[in-house]
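Worksheet for the structure shown next.
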DNA sequence: TTTAATTAAATCGCACACGATCAAATCGTG
DNA sequence: CACGATTTGATCGTGTGCGATTTAATTAAA
């Protein structure tokens with residue numbers, strides 16, 4: 001009986017992540033709808049704006065996603081005209097993802113995201129930075145365990 | 148330029164939630180596989196173990212999920228023999244979800260979850276409690292914003 | 001009280017997310 | 001060089017998630 005609230009803690013920390021993640025995606029949605037992107041697609045675009053021409057594997061490593069998730073997603077980005085998928089001539093096993101002009105141009109439509117997001121989270125920058133670091137530390141522990 | 152790292156913060160706080168949530172689900176998976184439950188199904192069972200005979204709407208309100216998500220999930224739990232779905236005689240619009248003996252019995256197989264989870268998170272109870280509270284506060288802000 | 005508005009689930013279409021498996025390309029060792 | 005092991009993406013099946021719409025039941029209003 002004494003550990004009942006502690007057991008709840010284990011459940012609740014996971015549930016709080018789960019539900020907060022969905023809540024955040026809902027805040028992003030109206031912003032991303034204007035670009036015709038979903039949130040996972042946006043994550044891929046952010047990576048490519050940072051560094052173009054990455055392989056499926058590199059993208060998956062950074063987003064913690066499998067090729068079974070990424071391949072269909074990337075094909076949808078390709079169908080939308082935002083990326084090209086081409087085999088790496090140096091290693092035909094790999095597929096390089098490259099931005100098109102259209103994909104690069106999308107970045108200009110994200111300049112107002114910051115203000116919207118900061119208003120939605122309703123927390124100070126220091127507070128938010130600490131929270132982000134704590135969550136990333138937790139994720140690192142979890143990934144080390146599931147490894 | 149000066150707000151570029153701040154823009155990243157808005158993106159990264161959402162991504163850290165998103166990726167940590169998935170990492171947590173992966174830690175739960177081997178535990179839940181033994182019960183034949185998925186993580187969202189487990190969340191519903193936790194609610195019902197706490198208070199049996201809730202409506203679809205009440206469950207959705209607590210988990211922040213829509214009926215379009217819950218109805219198929221609950222039908223799978225019913226097909227697995229863990230719950231019964233019956234219309235509320237007092238209000239035929241509502242569907243009451245009730246545990247079966249099988250569903251109640253599943254709870255006994257979750258006693259070792261706590262130790263596994265605490266080992267996986269690799270953090271102290273106080274630290275974890277504070278993190279949970281901060282995430283829930285963030286979620287409350289986000290939900291208030293998304294309405 | 002008959003109808004209009006509201007509410008609760010269910011349904012449908014689309015997009016993740018992942019485990020399991022497969023096929024092709026590359027690497028490594030004899 | 002050959003051939004088995006490894007690596008990389010792609011494919012398939014199952015289970016979420018959600019917006020939009022629909023249906024049935026209840027409530028409110030004229």
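Protein chains in written order, with my numbering: chain C, 1 to 147; chain V, 148 to 294.
We put the beta carbon where it would ideally sit given N, CA and C, even for glycine.
Remember, predicted model here, so these are calculated numbers, not experimental data.
Membership of residue 144 of chain C in the alpha helix (DSSP H) is indicated by the continuous run 125-146.
Contact check for residue 24 of chain C against residue 194 of chain V fails: the beta carbons are separated by 8 Å or more. A direct Cα-to-Cα measurement between residue 208 of chain V and residue 98 of chain C gives close to 42 Å. Taking a Cβ-Cβ cut-off of 7 Å, the neighbours of residue 269 of chain V in chain C comprise 141, given in sequence order. Interface criterion met: the Cβ of residue 169 of chain V is under 8 Å from a Cβ in chain C.
Here residue 53 of chain C is exposed: its Cβ has fewer than 16 other Cβ atoms, across all protein chains shown, within 10 Å.
Counting along the chain, the unbroken alpha helix (DSSP H) around residue 223 of chain V starts and ends at 214-226.
Per DSSP, the unbroken alpha helix (DSSP H) holding residue 104 of chain C starts and ends at 101-106. At a cut-off of 8 Å between C-beta atoms, residue 41 of chain C does not count as an interface residue with respect to chain V.
Around residue 16 of chain C, the beta-carbon contacts reaching into chain V at under 7 Å are 279, 282, 283, 286.
Three or more pairs of CB atoms, one per stretch, sit closer than 8 Å, so the stretch 94-109 of chain C contacts the stretch 71-86 of chain C.
Residue 84 of chain C and residue 50 of chain C have their C-alpha atoms some 16 Å from each other. By the Cβ test, the stretch 26-36 of chain C is not in contact with the stretch 128-141 of chain C, since fewer than three Cβ pairs between them sit closer than 8 Å. Taking CB atoms only, residue 158 of chain V has a neighbour in chain C less than 8 Å away. Chain-order list of chain V residues neighbouring residue 44 of chain C: empty, with the shortest C-beta distance near 12 Å, by a criterion of under 8 Å. In this structure residue 146 of chain C is not in contact with residue 251 of chain V, their Cβ atoms being roughly 30 Å apart against a cut-off of 8 Å. Between residue 63 of chain C and residue 109 of chain C a beta carbon distance of about 21 Å is seen, past the 8 Å cut, so the two are scored as non-contacting. Near chain V, meaning a CB-to-CB distance below 9 Å, no residue of the stretch 67-90 of chain C qualifies.
For residue 238 of chain V, the beta-bridge partners assigned by DSSP are V/235.
In this structure, DSSP gives residue 35 of chain C a state outside helix and strand, which the three-state scheme calls coil.
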